[in-house]
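S.K.: This is the structure I have questions about; it appears just below.
Residue numbers (our numbering), protein chains in the order written: chain A, 13 to 436; chain B, 13 to 436; chain C, 13 to 436; chain D, 13 to 436.
Have a look at this one:
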């Protein structure tokens, strides 16, 4: 982790400007009847999980270009995650991926204790063939025509639950790549039935206080059909499995032009919004940094979440899920954690009473302005103050670079050479 | 209607070639273990409804370019529909749109009797302000914030049911344009709640032997959000309303790249597939002739339907819903009725036992070939023979042109001048 | 126009807050090495044209819902445009559409003089059949197979040039709906050749100091192919016609997910960027208020324009082109004019020297941050100060509402009843 | 290669049925005024290249699932390619990818001689870091800000030309993944300038009788911008480089809903259509088997090619470019070669004189029918007869399976274990 004196020194150089900016913004918000301190308090209490795999450099099917200091395993990954939380104070939990992060539970718990982190949802992996695995998922996993292969995939998910119980997790996230590349390759109905049967076995193994998150995705790695292709299918799954089953929304898993915030609103109404995998995308499941492509869309999602705050049973899980192909993953995750908080803060600024008045009066323009004015408010001083007061960095990026952390781990961790992706 | 001797003369000129083609195809299918006569019988029993509004020239928001002989009202429209059925023997029912087609029930029934037609689902219209209407739907109809406006829209739908009862219809189709053009303009959740409440009132007025079809659409006329935007929302509606409520799938109402046949499969599994509005599209709700843009996609939809044939309660309604902007609407509807039958015939050719074998064996290539070989079989001789044996035309298009029907009605019906669309 | 004392009174109530906000923002920008006054000066000098047709309520093919005080003709429209400019000081020119706005040139010039407006690009209309027109554009206009129809369309465009010369315009914008609804309906190559020949005749009639803008669009009103479907075809047209021909970019005329700012960059490099029709869209050519759906995308377009500022010959035309279906068109146009200026102001904040340094160093994250920080700066105080100093309104919307202008014109102009769009 | 007696035996079992089908189809075509033999002759003369990398199992960024008998290198790949050509008689040439296929030229030429194959276009690879490469392409290759990296990429391309000269190739295909993942990461204009400069150096090294093909792609592996993102940019490149430069169209490289056949028509008119990478896709660059998703679209592309046949200088290159993730690559390539020929045969059936008549008469429906009737003709007997007469297999798939080739090479070539894609 980073030497606290580095953080203090970096903060000291920025404290006066921050105080001035915070005060100016506070005055402006006060004119709108808003308390900047109240918003800051809500922002400070908002956390988002980071995925263990996010701290490694990602790639495409064409290539992967590793950076210096790639983590060698889960313990290195937890070190990197700890830095992210240390500077942002926004990411106290880490989500593990099995078997990538398999390790003795006691060691994981001990490491978490040392780094001040806890464990978020567990993630199973049946979209790859893992070393030592007896049967292949080439033609599907939980929906495979073969009962043996389905059983193997179910057993793996149950193992993930068991690992999770041992380390304090409370949720299992299931994403499968099952589907087909050609019309006819699978029977769309029978494949879904097999998936549901397998999921029912996993659900049966779920502890009472756990939640099961299923994730839909329109395409990739299957290119004609995907068994859980959209939120409609995802909702059917949750309804079939039971009350502990909820739908996870990954922002990059939808068809072009789809209105994602409407899906969020619908799942909230159905009582089945499990949570989010945050990232951004322009074309497909691009897995870019959250808010990098369409920050207004991210704000609109949070507008729905703030609208639903306080409803009974409303408690979605929040996680970043990005592929960092050309940036330092720690930097991207720190900024994305900030950008999620930014969208939340902006959504908190919306004057909901006025908004409803305009909506009910058919004043489309003023209603739209309510959201647009909230969105274009620069809430960075609120975010920075919340970090600073919690012991984090006013400017996490500058502080991280000043710390020399990347160079330090690059010296300890062996260099990884570039390699092709899936195409060869 | 067209003089039967015209049909006979036209058929006579084509009968020998048809017999030869039918025999050659029969021999080829026999080699695959298929009986051409059995397939022909199923095709002959397959019908698709035509929409009354489809026989008039359609337009865009930019312009409408009427053709000669535009129908002046519902009775002219029924004449045109009768010609379509006379030549194709595939379209015995007509779907009415209220208030466009409002007329004394007795007159409608009498006209239907004369033309040999019956009435399919009723369609309400709350996406326009009709002459004499007291309150405007500018800001929504069934989901409008105003209780008075919602009540007006509900009453209109109930009136549609009443008209339908008087003329022998058994279903109501509800499509609304409600939504919003700007983020914030409506509360996505409250708007949906209002829609559901209004629909519950309509549902309560539904006779026991009727079905209620709700139709989803991603966009247009609303350009940011639409209250029934996709099949997921549509399914929630059906689940909320009750067992008589089903989801209607219009092939042009989905986001780009969406796999429509999967939606069909899912709705079948949910027991909520109400039926179809057939057309084709490349970009949005283009409302082009069925099969004109992607005939393989149409086949894949029918592949799901044939797969589900015979399941308890499986009885989807089939209707064409197209906008004929540059063709003679009668010609387009005749060909589209044929093309729907074509897709059905091709789907009947699939060897389902082999298909399942390949699917279960993970033989993606052979499974895909099962569908592709069925699709590329030229089943025109089957369609033509089914028409001919039922008293229709071997070649409906040539026969229609030979009949002079369009010139005849153009002489009777006054010319309509071109006009702008919605933009001015 | 609006009584200046209304503007003064409204501004007086907001002046102190504006001064404080402007000062606070100025201090913050000064820290980044930026002069707020210099940016304000550039913003104040930035203007965007309004389309005459934009001040009427728009519609879709399904319906049009007029509002109170719809303009009865071009002179009412110019009154409305004058109000927009009076309050925003951003829209000194109006773009006319022929034949919609046809009127004696002297009267147009006189009215412009009275209202303080001038005339921007002329727009021809061959996508509708106008009353009295002898030949129909149902099957195309400038690319129609019929030489007579093409000649009629060419003559109409030349008439537009002549009207434009008489009223001080310096550009002709040509957008056609020509294309096809079905594969095979037109020969894609021969249709394009015909279009090019017709355009060459129009080009030949263009005065030396005029520019010709051609506009591409992926679809609508044609739903299979459009003769000028994308910027590649548009570029070929400009190259074929000559140096006065340039490509116009309408933000809503592209395929889903297309990177519009790249197109802008490419057309700049080719020396053929004619200008913009600003609006916003989520699905198709939605013609929503500029920046309403994706404000970051608008900013990225302006980022390219600021990057290119000062290059020899770089002088794109800027116009709003929106359809106001659910808002008061004057209000939408005022806000959109502001939002275009907002994007320009934000783009001016980008530290281009730093940006290039990060780009050349492969520091993707810092480069991206350069743009994101500029975008999230709330530049409203700059826009308001620029308006206020030019005699406009600090808050155009509140001032407009306070003025009672809409009620006043609604009293003078007869109510228009709702009507169907193109579908019936 | 496969024992000729296997082919003979397989053909013998199918010859009678083929003769009957060919005769029946011939009679039907004769009625339309078409000679089946003339069409067969054109089909037999039509060839499509296969890519060396296509015979290995492909993958995604998530995983790759190898099959039995994966080729160990270029010589195994050429063996597999030889089988494809032996059975289909449609694929006499192979396209190499450097450095994947690097080998002594004399050995390559010798192997080609033994297998009866020749070499098609050369493909360079600067989208991966190859073992031993000194500088990384992480931030771009031909458009990298670093002159050294660009020089390395240029040198690699020139090496590809040299290898190609030694083995009889006559074209270089350049596809780069260069672009950016975030707005601001690169300067869109300067990056394109750098690309053009680098390409000019490659162009200068091109022998006089060679062609240079550049390939556009909307996204992947770059997820915000791609330097050659569409055909418009591709055309600018060809215009800038010179007459030997042409644009390559990969069917899967476009934005959703884009009309690809229009792009083909435009590039033909510009004299810059270099050729094709055939495959099919539903969502992105899915690289599925040609014609598997939208066979009508493939037909429409060939309709443009047949329309342009015989124009001076019209000579596009045809190649398959697919990723075979779930099928035996040899089987997919054989069927795709057939499907390309199928689309060509169908396009040859179009009655172009009638088509033009309908087009010029504004008879949209009959024009569309001309294409649709050609498309739905089952031309399999023509394809099979062409293969059979050339010594290939009437049914390549059944013959291949009967031959036991895959089992045989699986016994010789070591098994490859599954592995993750680019994400870990």
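Where is the CB? At the ideal position from N, CA and C, for every residue including glycine.
Just how far apart, CA to CA, sit residue 73 of chain A and residue 76 of chain D?
M.R.: Here residue 73 of chain A is taken as the residue at index 61 of the first chain, counted from 1. Here residue 76 of chain D is taken as the residue at index 64 of the fourth chain, counted from 1. Approximately 9 Å between the Cα atoms of the pair.
S.K.: One question on the structure: do residue 238 of chain C and residue 268 of chain D come within less than 8 Å of each other, judged by their Cβ atoms?
M.R.: The sequence position of residue 238 of chain C within the third chain is 226, counting from 1. The sequence position of residue 268 of chain D within the fourth chain is 256, counting from 1. No, the pair does not count as a contact, with Cβ atoms beyond the cut-off.
S.K.: Just verifying my parser: in three-state terms, what is the DSSP assignment at residue 142 of chain D?
M.R.: Within the fourth chain, residue 142 of chain D is the residue found at index 130, counting from 1. Residue 142 of chain D: coil per DSSP, three-state reduction.
S.K.: Can you say whether residue 116 of chain D is buried or exposed, counting buried as having 16 or more other CB atoms within 10 angstroms of its CB?
M.R.: As a position in the fourth chain, residue 116 of chain D is number 104, starting the count at 1. When all chains shown are included, residue 116 of chain D counts as exposed.
S.K.: Should residue 344 of chain B be labelled buried (16 or more other beta-carbon atoms within 10 Å of its own) or exposed?
M.R.: Position 332 of the second chain, counted from the first residue, corresponds to residue 344 of chain B. Buried, by the Cβ-count rule.
S.K.: Taking residue 105 of chain C and residue 129 of chain C to be in contact with their CB atoms under 8 Å, please state how far apart those CB atoms are, rounded to whole angstroms.
M.R.: To locate residue 105 of chain C, count along the third chain from 1; it is residue 93. To locate residue 129 of chain C, count along the third chain from 1; it is residue 117. Right, the Cβ-Cβ distance comes to about 6 Å (below 8 Å), so this counts as a contact.
S.K.: Find the residues of chain B that neighbour residue 300 of chain C, judging by a C-beta separation of less than 8 Å, and give them in chain order.
M.R.: The residue labelled residue 300 of chain C in the question sits at position 288 within the third chain. By Cβ distance, chain B contributes 193, 194, 235 and 236.
S.K.: Kindly indicate which residue of A/371, A/206, A/355 and A/62 has the alpha-carbon position closest to the one of residue 281 of chain B.
M.R.: One-based indexing of the second chain puts residue 281 of chain B at position 269. Nearest C-alpha to residue 281 of chain B: A/206.
S.K.: Return the chain-ordered list of same chain residues with a C-beta closer than 6 Å to the C-beta of residue 386 of chain B, the five sequence neighbours on each side being excluded.
M.R.: Walking along the second chain from the start, residue 386 of chain B turns up at place 374. Answer for residue 386 of chain B: 358, 361 and 362, listed in chain order.
S.K.: Identify the residues that DSSP records as bridge partners of residue 63 of chain C: which are they?
M.R.: Along the third chain, one-based indexing puts residue 63 of chain C at 51. DSSP output for residue 63 of chain C lists C/107 as bridge partner(s).
S.K.: Is the segment 75 to 94 of chain B touching the segment 412 to 428 of chain B in the sense that three or more CB pairs, one from each, lie closer than 8 Å?
M.R.: Yes, since at least three Cβ pairs between the segment 412 to 428 of chain B and the segment 75 to 94 of chain B fall closer than 8 Å, the two stretches touch.
S.K.: Hey, could you find the ends of the beta strand (DSSP E) residue 132 of chain B is sitting in?
M.R.: Taking the second chain and counting its residues from 1, one reaches residue 132 of chain B at position 120. Per DSSP, residue 132 of chain B belongs to the beta strand (DSSP E) from 130 to 135.
S.K.: Can you look up residue 429 of chain B in the DSSP assignment and give me helix, strand or coil?
M.R.: The residue labelled residue 429 of chain B in the question sits at position 417 within the second chain. Coil at residue 429 of chain B, not helix or strand.
S.K.: Over what stretch of residues does the alpha helix (DSSP H) that includes residue 183 of chain C continue unbroken?
M.R.: Here the question's residue 183 of chain C lines up with position 171 in the third chain. Taken as a continuous stretch (DSSP letters only), residue 183 of chain C belongs to no alpha helix (DSSP H), being part of the beta strand (DSSP E) at 183 to 186.
S.K.: Could you give the distance in angstroms between the alpha-carbon of residue 155 of chain A and the alpha-carbon of residue 195 of chain A?
M.R.: Counted from its first residue, the first chain places residue 155 of chain A at position 143. Counted from its first residue, the first chain places residue 195 of chain A at position 183. Rounded to the nearest angstrom, the two C-alpha atoms are 16 Å apart.
S.K.: With 8 Å set as the bound, which would you pick, yes or no: does the beta-carbon of residue 146 of chain D sit closer than that to a beta-carbon of chain C?
M.R.: Here residue 146 of chain D corresponds to residue number 134 of the fourth chain, with the count starting at 1. Taking Cβ atoms only, chain C never reaches closer than 8 Å to residue 146 of chain D, which makes this a no.
S.K.: May I ask you to report which of helix, strand or coil DSSP gives residue 92 of chain D?
M.R.: Locating residue 92 of chain D in the fourth chain gives position 80, where the first residue counts as 1. Here residue 92 of chain D sits in helix by DSSP.
S.K.: In angstroms, rounded to a whole number, what distance separates the CA positions of residue 34 of chain B and residue 51 of chain B?
M.R.: For the purposes of this step, residue 34 of chain B is taken as the residue at position 22 of the second chain. For the purposes of this step, residue 51 of chain B is taken as the residue at position 39 of the second chain. Near 12 Å, if we compare the C-alpha coordinates of residue 51 of chain B and residue 34 of chain B.
S.K.: Considering just the uninterrupted stretch of the beta strand (DSSP E) at residue 227 of chain D, what are its terminal residues?
M.R.: Residue 227 of chain D sits at position 215 when you count from the first residue of the fourth chain. It spans 223 to 227 - the beta strand (DSSP E) in which residue 227 of chain D sits, taken as one unbroken run.
S.K.: So, with DSSP's three-state summary, where would you put residue 97 of chain D?
M.R.: If you number the fourth chain from 1, residue 97 of chain D lands on position 85. In the structure shown, residue 97 of chain D sits in a helix (DSSP, three-state: H, G or I).
S.K.: For the segment 375 to 393 of chain A, which residues have a CB atom closer than 9 Å to at least one CB atom of chain C, in sequence order?
M.R.: The segment 375 to 393 of chain A vs chain C, Cβ under 9 Å: 375, 376, 377, 378, 380, 381, 384, 385, 387, 388, 389, 390, 391 and 392.
S.K.: Taking buried to mean at least 16 other C-beta atoms within 10 Å of its own C-beta, is residue 9 of chain D buried or exposed?
M.R.: Beyond the ends of chain D as shown, which are 13 and 436, falls residue 9 of chain D; an answer cannot be given.
S.K.: Give the single residue among C/264, C/212 and C/44 whose Cα lies nearest to the Cα of residue 166 of chain C.
M.R.: Taking the first residue of the third chain as 1, we reach residue 166 of chain C at position 154. The candidate whose alpha carbon is nearest that of residue 166 of chain C is C/212.
S.K.: Could you check which residue in D/217, D/208 and D/288 has the C-alpha nearest to that of residue 251 of chain D?
M.R.: Numbered from 1 along the fourth chain, position 239 holds the residue referred to as residue 251 of chain D. The option with the nearest alpha carbon to residue 251 of chain D is D/208.
S.K.: So, are the CB atoms of residue 393 of chain C and residue 46 of chain C less than 8 Å apart?
M.R.: Taking the third chain and counting its residues from 1, the one referred to as residue 393 of chain C is at position 381. Taking the third chain and counting its residues from 1, the one referred to as residue 46 of chain C is at position 34. No, Cβ-Cβ distance for residue 393 of chain C and residue 46 of chain C is not below 8 Å.
S.K.: Which ranges would you report for the beta strand (DSSP E) in the segment 187 to 243 of chain B if only whole runs of at least 3 residues count?
M.R.: Runs found: 223 to 227.
S.K.: Determine whether the Cβ of residue 204 of chain C lies closer than 8 Å to any Cβ atom of chain B.
M.R.: Here residue 204 of chain C refers to the residue found at position 192 of the third chain. For residue 204 of chain C, the answer is no, since every Cβ of chain B falls outside 8 Å of its Cβ.
S.K.: Who are the Cβ neighbours of residue 429 of chain D in its own chain at under 8 Å, not counting the five residues just before and after it?
M.R.: Position 417 of the fourth chain holds residue 429 of chain D. Excluding residues within five positions, the ones whose Cβ falls inside 8 Å are 78.
S.K.: Looking at the structure shown, is residue 276 of chain D part of a helix, part of a strand, or coil, going by DSSP?
M.R.: Taking the first residue of the fourth chain as position 1, residue 276 of chain D is located at position 264. Helix at residue 276 of chain D.
S.K.: In the DSSP assignment, what are the bridge partners of residue 329 of chain A?
M.R.: Position 317 of the first chain, counting from 1, holds the residue named residue 329 of chain A. For residue 329 of chain A, which the question treats as bridged, DSSP gives the partners A/287.
S.K.: Please compile the residues from chain D whose C-beta is within a distance smaller than 7 Å of the C-beta of residue 268 of chain C.
M.R.: Stepping through the third chain from its first residue, residue 268 of chain C is reached at position 256. Near residue 268 of chain C (Cβ distances below 7 Å), the residues of chain D are 267, 268 and 269.
S.K.: Does residue 245 of chain A come within less than 8 Å of chain B when only Cβ atoms are used?
M.R.: As a first step, residue 245 of chain A must be located in the first chain, where it is residue number 233. Cβ-Cβ to chain B under 8 Å: yes for residue 245 of chain A.
S.K.: What span of residues does the beta strand (DSSP E) with residue 261 of chain C cover, start to end?
M.R.: To locate residue 261 of chain C, count along the third chain from 1; it is residue 249. 257 to 262 is the span of the beta strand (DSSP E), which, as asked, contains residue 261 of chain C.
S.K.: In angstroms with no decimal places, state the Cα-to-Cα distance between residue 214 of chain C and residue 227 of chain C.
M.R.: Your numbering for residue 214 of chain C matches position 202 in the third chain. Your numbering for residue 227 of chain C matches position 215 in the third chain. Near 15 Å, if we compare the C-alpha coordinates of residue 227 of chain C and residue 214 of chain C.
S.K.: Counting pairs of beta carbons, one from the segment 333 to 351 of chain D and one from the segment 398 to 415 of chain D, are three or more of them closer than 8 Å?
M.R.: Yes: the two stretches touch, three or more of their Cβ pairs being nearer than 8 Å.
S.K.: Buried or exposed: where does residue 126 of chain C fall if 16 or more other Cβ atoms within 10 Å of its Cβ makes it buried?
M.R.: Residue mapping note: residue 126 of chain C aligns to position 114 of the third chain, counting from 1. Exposed is the call here.
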